[in-house]
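Visitor: Here's a structure for you.
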Ligand SMILES: CC(C)(COP(=O)(O)OP(=O)(O)OC[C@H]1O[C@@H](n2cnc3c(N)ncnc32)[C@H](O)[C@@H]1OP(=O)(O)O)[C@@H](O)C(=O)NCCC(=O)NCCS
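Residue numbers (the UniProt record's numbering): 1 to 309.
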């Protein structure tokens, strides 16, 4: 791909991912090494600060950084190729001591290629956060046209589709692994939940916007939630098993409407606390749940694969 075309596609993807991102600037090859692959380009730089300087308080002494521009039909793969090229470059350096780091700063919501970073041993470590001045403490305004209702047995296909979208999204963050039989497994489990008409509180709920189903949430109350109750020092705990809003409907209050609905269900059922799991590296779920009043209780650290070869 032409360099200009890569830059244009990169800029387009960023603009769609997050309205608060600035337009990417051209990569300036001065002072760095330009890397190019079929659909990607990058600038590899090295910077060093000396012990005893104020900067050394806040960063490793030697930092190797990669600034990427990704295009093509599979920008994640383009990112992977650039990281491989970069690793070759780093092998020639003396970057093996603790006071050095390889750093890739990405727009949080441009999640393509996250798995490529995890696969090479990178962990999400630092975030630059933003708070728009018009942020209200009360959350997003209620969306006209959103209706939350119990899922019907006839909606099996919709629920499976939304759950597969959720798996595709979450697989980027290193925990969910796509499986050949996932569609069948999810279909069977969802069919079982939909058939459980005797439950005091339905477990599956749909958010529809002007009649179109665009999100779902799956909740567990005791006894279904008993498996997790030992992790929290309360008498009655509920579990929010999963929730998803279709990409085109995100950031418009649909997720908040779903969450408000199920929090009311949990309250009415007398839950002392609600637990949920989320991927820490997810730029969607992490801020969303903390804005909804959740806070970390247990943190799991993963190394994949388990042993460093
Ligand atoms: C996480 C997820 C369910 C949230 O649903 P959502 O419909 O996008 O969330 P909402 O629109 O209700 O809430 C977020 C928006 O509310 C608004 N908002 C939030 N707090 C606000 C506040 N205090 N004042 C004003 N607006 C606020 C913002 O517009 C925010 O969007 P932004 O983060 O892009 O700025 C959804 O993004 C999703 O499905 N993500 C992928 C799957 C996933 O992560 N699921 C959870 C797995 S556990």
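In this text, a Cβ means the ideal position worked out from N, Cα and C, and glycines have one as well.
Would you check if the distance between the CB atom of residue 290 and the CB atom of residue 276 is smaller than 9 Å?
Guide: The count along the chain shown starts at 1 and reaches residue 290 at position 290. The count along the chain shown starts at 1 and reaches residue 276 at position 276. No; because the gap between Cβ atoms is not below 9 Å, this pair is not in contact.
Visitor: For residue 240 and residue 219, which I take to be in contact (beta-carbon distance under 8 Å), what is that distance rounded to the nearest angstrom?
Guide: Here the question's residue 240 lines up with position 240 in the chain shown. Here the question's residue 219 lines up with position 219 in the chain shown. Confirmed, about 6 Å.
Visitor: Counting only C-beta atoms, is residue 107 closer than 9 Å to chain D at any point?
Guide: Going by chain labels, chain D is absent from the structure shown, which holds only one protein chain.
Visitor: Beta carbon of residue 254: closer than 8 Å to some heavy atom of ligand 1?
Guide: Within the chain shown, numbered from 1, the residue matching residue 254 stands at position 254. Indeed, a heavy atom of ligand 1 lies less than 8 Å from the Cβ.
Visitor: Would you say the beta carbon of residue 76 comes nearer than 8 Å to a heavy atom of ligand 1?
Guide: To locate residue 76, count along the chain shown from 1; it is residue 76. Result no, Cβ not under 8 Å from ligand 1.
Visitor: Mind checking whether residue 83 and residue 104 have CB atoms under 9 Å apart?
Guide: Counting from 1 along the chain shown, the entry for residue 83 is found at position 83. Counting from 1 along the chain shown, the entry for residue 104 is found at position 104. It is a contact, given that the beta carbons lie within the stated cut-off.
Visitor: Take every Cβ of the stretch 256–268, pair it with every Cβ of the stretch 201–217, and state whether three or more of those distances are shorter than 8 Å.
Guide: Contact holds: three or more Cβ-Cβ distances are below 8 Å.
Visitor: Closer than 6 Å by C-beta to residue 187: which residues in its own chain qualify, once you throw out the five before and the five after it? Chain order, please.
Guide: Walking along the chain shown from the start, residue 187 turns up at place 187. Cβ within range, chain order: 160.
Visitor: Check whether the Cβ of residue 215 lies closer than 8 Å to any heavy atom of ligand 1, and answer yes or no.
Guide: By 1-based counting over the chain shown, the position of residue 215 is 215. Indeed, a heavy atom of ligand 1 lies less than 8 Å from the Cβ.
Visitor: May I have a chain-ordered list of the alpha helix (DSSP H) segments no shorter than 4 residues that lie completely inside the stretch 171–250?
Guide: Fully enclosed alpha helix (DSSP H) runs of 4 or longer: 182–195.
Visitor: Which one of 245, 19 and 173 has the shortest CA to CA distance from residue 303?
Guide: Start at 1 with the first residue of the chain shown, and residue 303 comes out as number 303. Of the listed residues, the one whose Cα sits closest to residue 303 is 173.
Visitor: By DSSP's criteria, residue 2 is part of a beta bridge. Which residues make up the other side?
Guide: In the chain shown, the residue the question calls residue 2 occupies position 2. Paired residue(s): none; residue 2 is not in a bridge.
Visitor: Within 10 angstroms of the Cβ of residue 93, are there 16 or more other Cβ atoms? Answer buried if so, exposed if not.
Guide: Along the chain shown, one-based indexing puts residue 93 at 93. Classification for residue 93: exposed.
Visitor: Within 8 Å, do at least three Cβ pairs link the stretch 35–46 to the stretch 67–77?
Guide: The stretch 67–77 vs the stretch 35–46: in contact.
Visitor: Taking just the CA atoms, how far does residue 35 sit from residue 75?
Guide: On the chain shown, residue 75 is found 75 positions in, with the first residue counted as 1. On the chain shown, residue 35 is found 35 positions in, with the first residue counted as 1. Between residue 75 and residue 35, the C-alpha separation is close to 15 Å.
Visitor: Starting from the C-beta of residue 199, find all residues in its chain whose C-beta is less than 6 Å away, skip the five residues before and the five after it, and write them out in chain order.
Guide: To locate residue 199, count along the chain shown from 1; it is residue 199. Excluding residues within five positions, none has a Cβ falling inside 6 Å.
Visitor: Considering just the uninterrupted stretch of the alpha helix (DSSP H) at residue 254, what are its terminal residues?
Guide: Locating residue 254 in the chain shown gives position 254, counting from the first residue. Its alpha helix (DSSP H) spans residues 254–268.
Visitor: Can you tell me which of the three DSSP states residue 43 falls into?
Guide: Taking the first residue of the chain shown as 1, we reach residue 43 at position 43. Residue state, collapsed to three classes: strand.
Visitor: Would you give the residue range spanned by the alpha helix (DSSP H) that residue 83 belongs to?
Guide: Counted from its first residue, the chain shown places residue 83 at position 83. Its alpha helix (DSSP H) spans residues 75–91.
Visitor: In this structure, does DSSP put residue 101 in helix, strand or coil?
Guide: Sequence index remark: in the chain shown, residue 101 carries index 101 (1-based). Residue 101: strand per DSSP, three-state reduction.
Visitor: For residue 111, does the three-state DSSP call read helix, strand or coil?
Guide: Taking the chain shown and counting its residues from 1, one reaches residue 111 at position 111. Three-state result, residue 111: coil.
Visitor: Can you give me the Cβ contacts of residue 288 inside the same chain, cut-off strictly under 7 Å, excluding the 5 residues immediately before and after it?
Guide: Numbered from 1 along the chain shown, position 288 holds the residue referred to as residue 288. If we look at residue 288 and ignore the five residues flanking it on each side, its Cβ neighbours are 255.
Visitor: By Cβ distance, which residues of its chain are closer than 6 Å to residue 178, with the 5 residues on each side in sequence left out?
Guide: As a first step, residue 178 must be located in the chain shown, where it is residue number 178. Counting only Cβ-Cβ distances below 6 Å, and skipping sequence neighbours, we find 171.
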